[in-house]
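Trainee:
Protein chains: 2
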Amino acid sequence: MPDANPAVPATAESVHDLGEHRLLDRIRARVPPAPPWVAVGIGDDAAVVEPVRGALDVVTTDAMVEGVHFDRRFGSMTAVGHKALAINLSDLAAMGAIPRVALLSLALPGDLAVHDVDRLLNGLLDLAASHRVALVGGNLTRSPGPLFVEVTLLGSIGRRKVMTRQGARPGDGLYVTGEVGGAAAGLGWLQRNANAGSGDAVPDGLAVCVDRLLRPSPRVRAGTRVGRNRIVHAAIDLSDGLADGVTQITQPSGLGAIVEADAVPVCDGARRWFAAEQRDPVEAALSGGEDYELLFAVPDRPPSAVRLLGRVIAPLRVTRIGTVTAEPALRLRRPSGDATLPRGFTHFL
Amino acid sequence: MPDANPAVPATAESVHDLGEHRLLDRIRARVPPAPPWVAVGIGDDAAVVEPVRGALDVVTTDAMVEGVHFDRRFGSMTAVGHKALAINLSDLAAMGAIPRVALLSLALPGDLAVHDVDRLLNGLLDLAASHRVALVGGNLTRSPGPLFVEVTLLGSIGRRKVMTRQGARPGDGLYVTGEVGGAAAGLGWLQRNANAGSGDAVPDGLAVCVDRLLRPSPRVRAGTRVGRNRIVHAAIDLSDGLADGVTQITQPSGLGAIVEADAVPVCDGARRWFAAEQRDPVEAALSGGEDYELLFAVPDRPPSAVRLLGRVIAPLRVTRIGTVTAEPALRLRRPSGDATLPRGFTHFL
Chain U
6 MPDANPAVPA TAESVHDLGE HRLLDRIRAR VPPAPPWVAV GIGDDAAVVE
56 PVRGALDVVT TDAMVEGVHF DRRFGSMTAV GHKALAINLS DLAAMGAIPR
106 VALLSLALPG DLAVHDVDRL LNGLLDLAAS HRVALVGGNL TRSPGPLFVE
156 VTLLGSIGRR KVMTRQGARP GDGLYVTGEV GGAAAGLGWL QRNANAGSGD
206 AVPDGLAVCV DRLLRPSPRV RAGTRVGRNR IVHAAIDLSD GLADGVTQIT
256 QPSGLGAIVE ADAVPVCDGA RRWFAAEQRD PVEAALSGGE DYELLFAVPD
306 RPPSAVRLLG RVIAPLRVTR IGTVTAEPAL RLRRPSGDAT LPRGFTHFL
Chain Z
6 MPDANPAVPA TAESVHDLGE HRLLDRIRAR VPPAPPWVAV GIGDDAAVVE
56 PVRGALDVVT TDAMVEGVHF DRRFGSMTAV GHKALAINLS DLAAMGAIPR
106 VALLSLALPG DLAVHDVDRL LNGLLDLAAS HRVALVGGNL TRSPGPLFVE
156 VTLLGSIGRR KVMTRQGARP GDGLYVTGEV GGAAAGLGWL QRNANAGSGD
206 AVPDGLAVCV DRLLRPSPRV RAGTRVGRNR IVHAAIDLSD GLADGVTQIT
256 QPSGLGAIVE ADAVPVCDGA RRWFAAEQRD PVEAALSGGE DYELLFAVPD
306 RPPSAVRLLG RVIAPLRVTR IGTVTAEPAL RLRRPSGDAT LPRGFTHFL
């Protein structure tokens, strides 16, 4: 697997050997100089940041837990660091917010190799740099169990540009960015492969899916542009899958939805993988999680709203997959008839 | 022990039984209505908060990991919730910041009883209410290992009122709030007691120490008042103990310190406990952690600064324990001569 961890010599220094203060110094030395609007950065009791004048603060936190969200056999520590920030960037993107500063909190098994922490940091800092996010603090502690990686992200948004999960109205079109199902197919392939103990290379169409799972691309540009143009009634990111997104954007507001099965943009590799597994590709994509695309509820009138949506998101594609309904049921529509929408994905159970 | 967990019936519902969505609903129902400056509170992809006009944002995150920071045999889940917020309040207090909103991220073992989550939330929400902090979001996930409680706290501070760890100057007095050593003595008693398997009530003088360990009182009022009055050159909270605080406030700036052993305000219960354990009470208090007092470096001239410090902190006491030196050594001074300052406390190794 191109993404696998290079072999670690048995003598590799562990975080226990290094100790907290030296590990902290090592991390601090890797963090690039903070931008001028960071008054106090990494290394104090808290970080101090100048807010964007006239804007609102947006804050979110999300964790990656070893054995729940990642498996060190499946991907590199670089990918873990990337994804820990990416899932938070996706949350801010769903609000339309521009990310600014991150905190990284690690609970580390004592025998974890120091260079695994370095790799995790590589992944996180590379993605942070590409989104101009400054790492300004966090926390280091020991874990007597799995590796915990928590990232907190603080961003800003103009007062009238906030998108929320509420606000969808009957008749709104449901639009999803990019393609779905890739992460679920990638996970399926990795689990099958790990269980078989095989070291096979990832087949061509599935490499994209595995990459989608391990290194998701949060839709920051799409989210901020859609928010700025005030095009949509509601937005959510698809961390827990498309079916869950449709549910969250409608049910709490007493609404329902019809999703057109034929319209769901399942990516090619996933479609082939699920078909080979004798699973319905659309149902698998709906109930699979971790695609980190965005779902919007968009008014049909004026029709210019939908055109504008396509324009501000391009070259990323956006697909109408269904309609918000006043009736609270959640349905999956096929030429052969309606069925209940599958349930979303959960890391929890 | 007054603080112990009430017996849980074997049939208690677990978080696994309840599931993520219903647990989230249960938490949401417990959170009081958000203040008007919270534009989007708990339940969306991120929280949206109006910053204080003209002020800076201050943000920190800190974790409590089962088996590292707490032991469910020693204290109630209410205390865990209290402390998870308290340690973050203490970080903001050390900067002089006023806390405003919190995020709570939980990684829960599947067999954890739902009412244990309720208790954790009780402790956190009670302390939040007393500091007018709004819980506006967070994250829920499963843990395949220990219970993991991460709190992120966002506050605000006036532009010229920020206190940092840097800024101490040779000749500055080192002042500590309240008393130290209590948490370390409390931990010592609990460990001794748990190991003996005994259910003895906490002896009189030690009850205060145990309470200090399990339910620390962050010095929010002291920190914000000292920051507002711009009295000190540097400040830090004593999460990792007084010796570590003295080190952090001097060494990175190329400075040292002399700590007067006789001046260290070790609390009575701790003094008796350490003496009975045949440990030097001052050394034990210096190297013990988790007192969550504040340490300040205060200019001696004008002398009014020190008087003002005492006045704004009252009725909490503040004690001069030593002096910042240009020479980088860290010394503990006794009538019998100088020794090296003991090392601080660390959760990490």
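The listed protein sequences derive, respectively, from chains U and Z. For the first sequence, the working numbering assigns the number 6 to the initial residue and increments by one for each residue that follows. For the second sequence, the working numbering assigns the number 6 to the initial residue and increments by one for each residue that follows. Just so you know, even glycine gets a beta-carbon here, dropped at the ideal spot from N, CA and C.
#1: So who's on the other strand from alanine 139(Z), going by DSSP bridges?
#2: Looking at chain Z, which residues of the region 76-110 of chain U have a Cβ within less than 9 Å of any of its Cβ atoms?
#3: According to a CB-to-CB cut-off of less than 7 Å, which residues of the region 227-253 of chain U neighbour chain Z?
#4: Would you report the Cα separation of glutamate 123(U) and lysine 88(U), rounded to the nearest angstrom?
#5: Return the first residue and the last residue of the beta strand (DSSP E) that isoleucine 162(Z) is part of.
#6: Output, in sequence order along the chain, the residues in the region 117-140 of chain Z whose CB is closer than 7 Å to any CB in chain U.
#7: Taking glycine 150(Z) as the query, report the chain U residues whose CB atoms sit under 8 Å from its CB, ordered along the chain.
#8: Kindly say whether glutamate 288(U), judged by its beta-carbon, lies nearer than 7 Å to any beta-carbon of chain Z.
#9: Return the bridge partner residues of threonine 146(U) from the DSSP annotation.
#10: Please tell me whether alanine 289(Z) and phenylalanine 279(Z) are closer than 7 Å, where the distance is taken between their beta carbons.
#11: Under 6 Å Cβ to Cβ from glycine 143(Z), same chain only, skipping five residues before and after it: list those, please.
#12: Assign alanine 34(U) to one of two classes, buried (16 or more other C-beta atoms within 10 Å of its C-beta) or exposed (fewer than that).
#13: Taking the beta strand (DSSP E) that leucine 61(Z) belongs to, which residues open and close that run?
#14: Since leucine 179(Z) sits in a beta bridge, which residues does DSSP pair it with?
#15: Within the continuous beta strand (DSSP E) that includes aspartate 242(Z), where are the two ends?
#16: Using a Cβ-Cβ cut-off of 6 Å (strictly less than) and excluding sequence neighbours within five positions of alanine 98(U), which residues of its own chain qualify?
#17: Got a sec: is the Cβ-Cβ distance from asparagine 198(Z) to anything in chain U below 7 Å?
#18: Over the uninterrupted alpha helix (DSSP H) stretch that includes glutamate 25(Z), give me the two end residues.
#19: Looking at the C-beta of phenylalanine 301(U), does it have a partner C-beta in chain Z at a distance below 7 Å?
#20: Please decide whether threonine 324(Z) counts as near chain U, where near means a Cβ-Cβ distance under 7 Å.
#21: The beta strand (DSSP E) spanning aspartate 355(U) covers which residue range?
#22: Just curious, the beta strand (DSSP E) that arginine 217(U) is in, first and last residue?
#23: Below 6 Å CB to CB, which residues in the same chain sit around isoleucine 236(Z) once its five sequence neighbours on both sides are set aside?
#24: Can you confirm whether the region 232-249 of chain U touches the region 167-181 of chain U when touching is taken to mean that 3 or more C-beta pairs between the two stretches lie within less than 8 Å?
#25: Starting from glycine 261(Z), trace the beta strand (DSSP E) both ways and give me its first and last residue.
#26: Does the Cβ-Cβ distance between alanine 188(Z) and leucine 218(Z) come in under 7 Å?
#27: Report the rounded CA-to-CA distance for aspartate 273(Z) versus arginine 220(Z), giving the unit in angstroms.
#28: If arginine 105(U) sits next to glycine 160(U), beta carbons under 8 Å apart, how far is it from one beta carbon to the other, in whole angstroms?
#29: Which same chain residues end up closer than 6 Å to glycine 163(Z) when comparing Cβ atoms and leaving out the 5 residues on each side of it in sequence?
#30: Taking alanine 212(Z) as the reference, which of Thr324(Z), Asp245(Z), Phe79(Z) has the closest Cα?
#31: In or out: alanine 9(Z) buried (at least 16 other Cβ within 10 Å) or exposed?
#32: To be precise: take each residue of the region 49-67 of chain U, compare its Cβ to all Cβ atoms of chain Z, and keep it if any distance is under 9 Å. Which residues remain?
#33: Can glycine 261(Z) and proline 347(Z) be called in contact, C-beta distance under 7 Å?
#34: Could you compute how far the alpha carbon of aspartate 245(U) sits from the alpha carbon of aspartate 50(Z)?
#35: Going by C-alpha distance, which of Pro40(U), Ala39(U), Asn127(U), Pro37(U) is nearest serine 81(U)?
#36: Do we get a CB-CB distance below 7 Å when we pair threonine 182(U) with the residues of chain Z?
Mentor: In terms of the structure at hand:
#1: Val106(Z)
#2: Asn93, Ser95, Asp96, Leu97, Ala98, Ala99, Met100, Ala102, Val106, Leu108, Leu109, Ser110
#3: Ile241, Asp242
#4: The sequence given here has aspartate at residue 123(U), not glutamate. When rounded, the distance between both Cα atoms is 15 Å.
#5: 153-162 is the extent of the beta strand (DSSP E) around isoleucine 162(Z).
#6: none
#7: Listed along chain U, the residues sitting closer than 8 Å to glycine 150(Z) by beta-carbon distance are Gly72, Ser148, Pro149, Gly150, Pro151.
#8: No, no contact with chain Z.
#9: Residue pairing of threonine 146(U) in beta bridges, as defined by DSSP: Ala112(U).
#10: Yes, the pair counts as a contact, with Cβ atoms nearer than the cut-off.
#11: Leu108, Leu109, Ser110
#12: exposed
#13: 61-70
#14: Residue pairing by DSSP places leucine 179(Z) opposite Ala302(Z), Gly327(Z) in a beta bridge.
#15: 239-242
#16: Pro223, Arg224, Val225, Gly228
#17: no
#18: 25-35
#19: no
#20: Interface residue (Cβ-Cβ distance to chain U less than 7 Å): threonine 324(Z) is not classified as such.
#21: What the structure shows of chain U is the stretch from 6 to 354, and residue 355(U) is not part of that stretch, so it cannot be assessed.
#22: Annotation for arginine 217(U): no beta strand (DSSP E) segment contains it, though the alpha helix (DSSP H) segment containing it runs 209-219.
#23: Here the set comprises Ala310, Leu313, Leu314.
#24: yes
#25: 261-265
#26: yes
#27: Distance between the alpha carbons of aspartate 273(Z) and arginine 220(Z): 18 Å.
#28: Confirmed, about 5 Å.
#29: Ala60
#30: Phe79(Z)
#31: Caution applies to alanine 9(Z), whose pLDDT of 49 falls short of 50 and renders its modelled position unreliable; the model cannot decide the point.
#32: The residues in question are Asp49, Asp50, Ala51, Ala52, Val53, Val54, Glu55, Pro56, Val57, Ala60, Leu61, Asp62, Val63, Val64, Thr65, Thr66, Asp67.
#33: At the C-beta level, glycine 261(Z) and proline 347(Z) stay beyond 7 Å of one another.
#34: 12 Å
#35: Checking every option, the nearest Cα to that of serine 81(U) belongs to Asn127(U).
#36: Not closer than 7 Å to any Cβ of chain Z, the Cβ of threonine 182(U) fails to qualify, so no.
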